[in-house]
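Per our numbering, the very first residue in the first sequence carries number 9; after that it's consecutive. Glycine included, each C-beta is placed from N, C-alpha and C at the ideal position. Please read these numbers as outputs of a predicted model, since none were measured by experiment.
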Amino acid sequence: MPINENDLELFLESTSILNSSSQNSIDKTTSNAELSNIEHSTLLIPQPPLLKTGTTLSELKTQEGNDYCNHDSINETEEGGKTDSIKQQEKNDDAFEKMHSNNNNRSCNKNNSYFNPMLQSPTRMPQRYNNYDEYMENKIFQQNKNDQKLIAEYEKQFNKTYPQIFKNTNIYINGYTNPTRLQLHKLIVLHGGKFSHYLTSKRNVTHIIATNLTSKKKIEFRKYRVVQPEWIMQSIEANKLLKWQDYALLLNDTNINNTTDIKTLVTKDSTKKPHLDCNHPDFLASFFKNSRLHHLTTWKLELQNKHMKSNPVGAHHNRIKKIIYYIDFDCFFATVSGLKHNENSSLPIAVSHGQGNSDIASCNYAARSFGIKNGMWVSRAKQLCSTLKILPYEFDSYRKISETFYELLYDKFDTVIPLSVDEGVFIDYPEDIDYKGISEKCMDIRNLLSTKTKCTVSIGVSNTLVLSTLCLKSAKPNGFKIFLPHNTEKEAVAKFVGSFQLTDLPNIGHKTADKINELYSPSSIITLADLQSNLSSLSSFNKLNKLGGKLSRKIILYLKGEDDIDNISKINTPFNYFRKKSLSVDINWGIRFQTIEQVYNFIDRVVARLASQLKSINMASSQYTIKLARCKANSPIEPPKYLGMGLCDITSKTGRFPAHTNENYIMSPEIKQSFRKLYIQAPISSLRGISITLSNLKTNNDRDIGSMLDRKTNNTLDNFPRLHPPLPHDVPLTMSNTENADQMVTVTPLLPSNDNNNNNNNNNNNRRSIEKRKSRSPAREFFNNYHKKKNQERAKHHFSTEIDENALKELPLEMQKEIQREYAVINLVNSTKRSALEAPKIIPKKKLESICCFNPPIPFQKLLNPKEITARLDTWILQNIERGPRTDDALLLVQYLRRLVKFNKKSMLLYIVDHLEEQIDYYRSYYRSASDDPQTSSNHHQMPDGILQWEKLLVLKILPLRESKNRA
DNA sequence: TGTGTGTGGTAGC
DNA sequence: AATCGCTACCACACACA
Numbered sequence: 009m010p011i012n013e014n015d016l017e018l019f020l021e022s023t024s025i026l027n028s029s030s031q032n033s034i035d036k037t038t039s040n041a042e043l044s045n046i047e048h049s050t051l052l053i054p055q056p057p058l059l060k061t062g063t064t065l066s067e068l069k070t071q072e073g074n075d076y077c078n079h080d081s082i083n084e085t086e087e088g089g090k091t092d093s094i095k096q097q098e099k100n101d102d103a104f105e106k107m108h109s110n111n112n113n114r115s116c117n118k119n120n121s122y123f124n125p126m127l128q129s130p131t132r133m134p135q136r137y138n139n140y141d142e143y144m145e146n147k148i149f150q151q152n153k154n155d156q157k158l159i160a161e162y163e164k165q166f167n168k169t170y171p172q173i174f175k176n177t178n179i180y181i182n183g184y185t186n187p188t189r190l191q192l193h194k195l196i197v198l199h200g201g202k203f204s205h206y207l208t209s210k211r212n213v214t215h216i217i218a219t220n221l222t223s224k225k226k227i228e229f230r231k232y233r234v235v236q237p238e239w240i241m242q243s244i245e246a247n248k249l250l251k252w253q254d255y256a257l258l259l260n261d262t263n264i265n266n267t268t269d270i271k272t273l274v275t276k277d278s279t280k281k282p283h284l285d286c287n288h289p290d291f292l293a294s295f296f297k298n299s300r301l302h303h304l305t306t307w308k309l310e311l312q313n314k315h316m317k318s319n320p321v322g323a324h325h326n327r328i329k330k331i332i333y334y335i336d337f338d339c340f341f342a343t344v345s346g347l348k349h350n351e352n353s354s355l356p357i358a359v360s361h362g363q364g365n366s367d368i369a370s371c372n373y374a375a376r377s378f379g380i381k382n383g384m385w386v387s388r389a390k391q392l393c394s395t396l397k398i399l400p401y402e403f404d405s406y407r408k409i410s411e412t413f414y415e416l417l418y419d420k421f422d423t424v425i426p427l428s429v430d431e432g433v434f435i436d437y438p439e440d441i442d443y444k445g446i447s448e449k450c451m452d453i454r455n456l457l458s459t460k461t462k463c464t465v466s467i468g469v470s471n472t473l474v475l476s477t478l479c480l481k482s483a484k485p486n487g488f489k490i491f492l493p494h495n496t497e498k499e500a501v502a503k504f505v506g507s508f509q510l511t512d513l514p515n516i517g518h519k520t521a522d523k524i525n526e527l528y529s530p531s532s533i534i535t536l537a538d539l540q541s542n543l544s545s546l547s548s549f550n551k552l553n554k555l556g557g558k559l560s561r562k563i564i565l566y567l568k569g570e571d572d573i574d575n576i577s578k579i580n581t582p583f584n585y586f587r588k589k590s591l592s593v594d595i596n597w598g599i600r601f602q603t604i605e606q607v608y609n610f611i612d613r614v615v616a617r618l619a620s621q622l623k624s625i626n627m628a629s630s631q632y633t634i635k636l637a638r639c640k641a642n643s644p645i646e647p648p649k650y651l652g653m654g655l656c657d658i659t660s661k662t663g664r665f666p667a668h669t670n671e672n673y674i675m676s677p678e679i680k681q682s683f684r685k686l687y688i689q690a691p692i693s694s695l696r697g698i699s700i701t702l703s704n705l706k707t708n709n710d711r712d713i714g715s716m717l718d719r720k721t722n723n724t725l726d727n728f729p730r731l732h733p734p735l736p737h738d739v740p741l742t743m744s745n746t747e748n749a750d751q752m753v754t755v756t757p758l759l760p761s762n763d764n765n766n767n768n769n770n771n772n773n774n775r776r777s778i779e780k781r782k783s784r785s786p787a788r789e790f791f792n793n794y795h796k797k798k799n800q801e802r803a804k805h806h807f808s809t810e811i812d813e814n815a816l817k818e819l820p821l822e823m824q825k826e827i828q829r830e831y832a833v834i835n836l837v838n839s840t841k842r843s844a845l846e847a848p849k850i851i852p853k854k855k856l857e858s859i860c861c862f863n864p865p866i867p868f869q870k871l872l873n874p875k876e877i878t879a880r881l882d883t884w885i886l887q888n889i890e891r892g893p894r895t896d897d898a899l900l901l902v903q904y905l906r907r908l909v910k911f912n913k914k915s916m917l918l919y920i921v922d923h924l925e926e927q928i929d930y931y932r933s934y935y936r937s938a939s940d941d942p943q944t945s946s947n948h949h950q951m952p953d954g955i956l957q958w959e960k961l962l963v964l965k966i967l968p969l970r971e972s973k974n975r976a
């Protein structure tokens with residue numbers, strides 16, 4: 009159905025349909041709520057207080073049915089009419105409880121509450137906030153704004169001002185009260201008090217209202233002023249602030265009772281923001297933000313992208329020598345955190361999150377002297393040294409110092425290879441070895457870094473990477489070691505190497521060391537000299553081979569101080585050695601699920617992250633591995649580490665995508681399917697870890713599309729509140745062009761319906777066929793079913809296979825390319841048999857890839873990044889929310905979305921439409937709750953016209969597009 | 001004999 | 001309150017044709 013300007017204009021201007029219907033439902037709800045509330049207030053309050061100076065409860069006529077204080081609460085148009093106010097109140101309280109409690113009951117039975125629009129209200133995020141704090145801040149801001157509106161409303165309505173009895177108080181209500189929380193809320197706000205919806209340390213709550221407390225809460229609240237609701241009522245009656253002590257609920261804490269002034273009270277840290285469990289949309293971000301290991305891996309990648317250089321000047325020339333500097337900070341995290349906290353570095357220090365079963369990321373040498381090691385749990389370390397000081401992570405500082413480190417050294421060497429945030433290999437290729445020069449260079453570097461970063465580094469210098477590593481080991485801490493043997497000095501090298509421990513060698517960790525010791529038992533292999541002496545006879549030499557051919561050969565070379573092929577290529581061709589081959593996300597902490605849907609949601613989120621990472625590096629993957637950690641049968645339900653994985657069985661499964669892809673909607677179903685295969689017959693609650701790896705990566709060769717659009721210049725948000733500036737260069741996206749495109753490319757080949765396919769089998773094995781059908785990915789569906797289409801002439805003609813050259817030329821270049829591509833796909837599909845598609849070898853791989861990999865992105869106002877697009881749309885909506893969208897802007901948006909449909913950009917379409925729905929819904933409920941006051945029987949002037957127009961745009965034009973996505 | 005899959009080890013703090 | 005046990009890469013054993 010083509011859309012045109014008049015069409016849109018008409019629908020935006022007419023106010024009939026939505027206006028009346030939504031209005032009706034609101035009216036009905038309000039009146040019901042009103043009625044029941046009057047009843048409610050008289051019935052439930054034993055002694056209706058006569059409030060001479062303040063407000064009466066009946067004057068309030070609270071409408072719990074309308075979500076005044078919780079404007080994104082349950083949809084009232086469906087619930088309000090049939091629910092009485094008490095239930096409604098409970099519901100609100102439920103929602104409220106959910107909002108600030110950190111329990112694991114967030115999920116409802118059927119679905120993940122975070123994603124069910126009806127149930128997720130407590131955690132719905134109307135905008136994409138960067139973090140939970142931002143979200144909360146915004147929420148609190150909105151709530152305060154609502155309070156202000158309320159006051160204005162009442163003052164206008166009753167034509168009086170309310171005495172500011174509760175000025176300078178900040179009140180939080182806990183649990184069920186009488187009068188209800190909402191009634192109290194209004195009373196407090198009207199009389200000048202501040203009302204806190206949450207009990208966070210930032211809000212500085214002065215009083216808590218409660219009628220009874222659980223024993224746990226009694227302890228938790230013992231430092232607060234906990235007061236009974238009568239305090240509010242009688243204070244209002246007395247028209248002054250009565251002594252709260254007379255109404256105190258908890259009488260045991262004398263300290264607080266003595267304080268009479270109402271200032272802010274130090275709230276307990278324990279009531280901080282709720283913890284994010286793994287079902288929270290922000291869990292991944294919050295986890296990664298705090299994970300040291302995640303930081304380490306990401307940093308390595310970033311630093312290599314930024315600071316690696318390879319310039320092996322005549323590295324293979326005989327006369328050119330190679331000097332390898334292995335530079336490494338001493339106990340990096342511990343040193344930096346120690347500096348940040350002004351700790352004395354001679355005292356034992358360790359960096360960790362927690363106190364008990366928390367990993368020590370790094371400890372200084374003072375701590376090591378007690379036997380404390382990195383990776384040890386704090387509890388054990390404290391046993392070894394009770395005075396151990398635990399410092400928090402300072403990720404920003406680590407990264408900053410690392411940046412300085414590489415910047416300072418970059419120009420000093422021919423080759424720079426970052427290996428970690430604090431550790432790198434730096435190589436010079438001099439013609440002659442100048443021992444004095446080398447040691448001076450070491451000292452210079454150490455001095456330079458010490459003054460610039462206040463940290464000490466150690467340096468190992470040699471002519472092979474192994475020897476450099478070993479030199480570094482002996483140089484630590486805070487020193488440097490140069491060992492540059494001549495070719496003839498084999499014995500000296502062997503002696504040097506022999507003085508180290510087994511695990512000092514690269515690629516030998518504790519497991520391999522144990523294995524070696526087992527091989528040679530009963531003689532214990534502690535030092536490399538032990539190993540060297542054991543290798544003299546052939547039989548014992550052969551023992552080493554049990555480690556595996558590759559590793560044993562490596563070790564033999566290392567024992568002679570020589571590099572193996574790995575090390576050599578690492579040094580000589582670092583860009584090749586470190587080229588990206590896989591991409592993965594591993595989560596083995598905080599994984600606690602109750603339902604399979606939660607797992608699916610989680611996988612969706614992980615895959616979405618991976619997909620966007622892939623896109624950002626312009627790559628696609630054709631193979632995935634999903635790895636699960638399940639707690640072992642006999643191990644305790646909860647491991648010692650809080651939310652840890654404990655002892656687990658680990659299983660994995662690899663699978664392939666139908667072709668190289670970086671699309672969310674292709675990858676996610678495939679991976680979930682593998683998850684189902686892998687996770688058989690076990691309670692979902694036993695899942696402790698999930699890891700998803702994408703491999704077989706391929707770079708997108710078709711760079712021109714991406715580079716044609718200069719992404720860097722696209723961030724400016726000028727010309728607002730207009731959605732698109734009225735500049736000539738934006739004109740190409742006009743009606744006629746789009747409509748032409750519409751005629752040219754009829755439909756992108758989408759999934760044919762499965763119904764026909766399955767009819768035959770249904771009788772035989774119904775369950776199985778459904779199972780089979782369900783487990784297919786959309787992409788595979790398409791490939792598998794395509795041939796059927798081909799056999800139907802009608803379906804074939806559905807695709808127009810010729811391009812209208814003239815029409816094409818009028819389109820912008822990007823679009824021309826897109827369309828040509830689309831035609832290439834259609835033609836290829838038309839000419840390909842199913843068997844060929846299933847056996848990719850028969851088709852040239854390149855052709856196959858062009859089908860579902862690297863479909864060029866569709867720009868919106870030159871933006872490609874979904875987040876940028878939604879950000880722009882958000883601004884647009886916000887600035888036009890009260891007066892409605894401009895017709896041409898709305899048109900532009902709808903056209904864009906239609907193109908997404910057309911080019912089968914499902915994930916993008918879903919993302920944007922969902923986002924728009926969320927946004928508009930948010931504003932609608934905001935204005936509704938603000939204007940929905942029973943005192944004003946007509947809501948018409950309260951609700952801005954604009955919001956109705958937005959609603960109409962959404963409901964009539966945008967949401968249908970989402971539904972059309974599955975239409976062939 | 002080659003190919004693919006699942007498992008397990010290592011590195012950084 | 002606790003706690004943030006990642007991630008890229010290689011090598012091997014084994015299964016299968």
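Would you identify the three-state DSSP class for residue i, choosing helix, strand or coil?
| i | result |
| --- | --- |
| Arg696 | strand |
| Arg327 | coil |
| Phe340 | helix |
| Asn217 | The displayed chain sequence assigns Ile, not Asn, to residue 217. Looking at Ile217 - three-state DSSP - the assignment turns out to be strand. |
| Leu636 | strand |
| Ile889 | coil |
| Lys202 | strand |
| Ile467 | strand |
| Asn773 | Residue confidence for Asn773 is low, a pLDDT of 31 falling below 50, so the modelled location carries little weight and cannot support an answer. |
| Leu284 | coil |
| Leu969 | helix |
Here's a check: name, in chain order, each residue in its chain whose Cβ is nearer than 8 angstroms to the Cβ of residue i, leaving out the five neighbours to either side.
| i | result |
| --- | --- |
| Ser410 | Trp307, Leu311, Val429 and Asp430 |
| Lys562 | Asn515, Asp572 and Asp574 |
| Phe504 | Leu475, Leu478, Phe491, Pro493 and Gly569 |
For residue i and residue j, which I take to be in contact (beta-carbon distance under 8 angstroms), what is that distance rounded to the nearest angstrom?
| i | j | result |
| --- | --- | --- |
| Pro320 | Asn580 | 6 angstroms |
| Leu546 | Leu705 | Wrong, their Cβ atoms sit about 44 angstroms apart, outside the cutoff. |
Quick one: is residue i buried, meaning 16 or more other Cβ sit within 10 Å of its Cβ, or exposed?
| i | result |
| --- | --- |
| Tyr650 | exposed |
| Thr496 | exposed |
| Phe868 | buried |
| Gly598 | buried |
| Phe583 | exposed |
| His668 | buried |
So, for residue i: in the same chain, excluding its five sequence neighbours on each side, which residues have a beta-carbon less than 7 angstroms away from its beta-carbon?
| i | result |
| --- | --- |
| Ile679 | Ile611, Val615, Tyr632, Ile634 and Ile700 |
Less than 6 angstroms between C-beta atoms, sequence neighbours within five positions excluded: which residues of the same chain meet that for residue i?
| i | result |
| --- | --- |
| His923 | Thr878 |
| Cys639 | Gly654, Cys656, Ser694 and Arg696 |
So does residue i have its beta carbon nearer than 7 angstroms to some heavy atom of the ligand PLP?
| i | result |
| --- | --- |
| Ser676 | For the ligand PLP, the structure offers nothing, since it holds no ligand at all. |
- Item | Inter-stretch contact at 8 angstroms, needing at least 3 Cβ pairs: the stretch 297–315 / the stretch 438–448 | no
- Message: Assess contact between the stretch 381–389 and the stretch 342–362, defined as three or more Cβ pairs (one per stretch) separated by less than 8 angstroms. Is contact present?
- Response: yes
- Query: If we count Cβ pairs, one from each stretch, closer than 8 angstroms, do we get three or more for the stretch 605–615 versus the stretch 690–703?
  - Reply: yes
- Below 8 angstroms, can you find three or more Cβ-Cβ pairs linking the stretch 447–454 to the stretch 346–353? no
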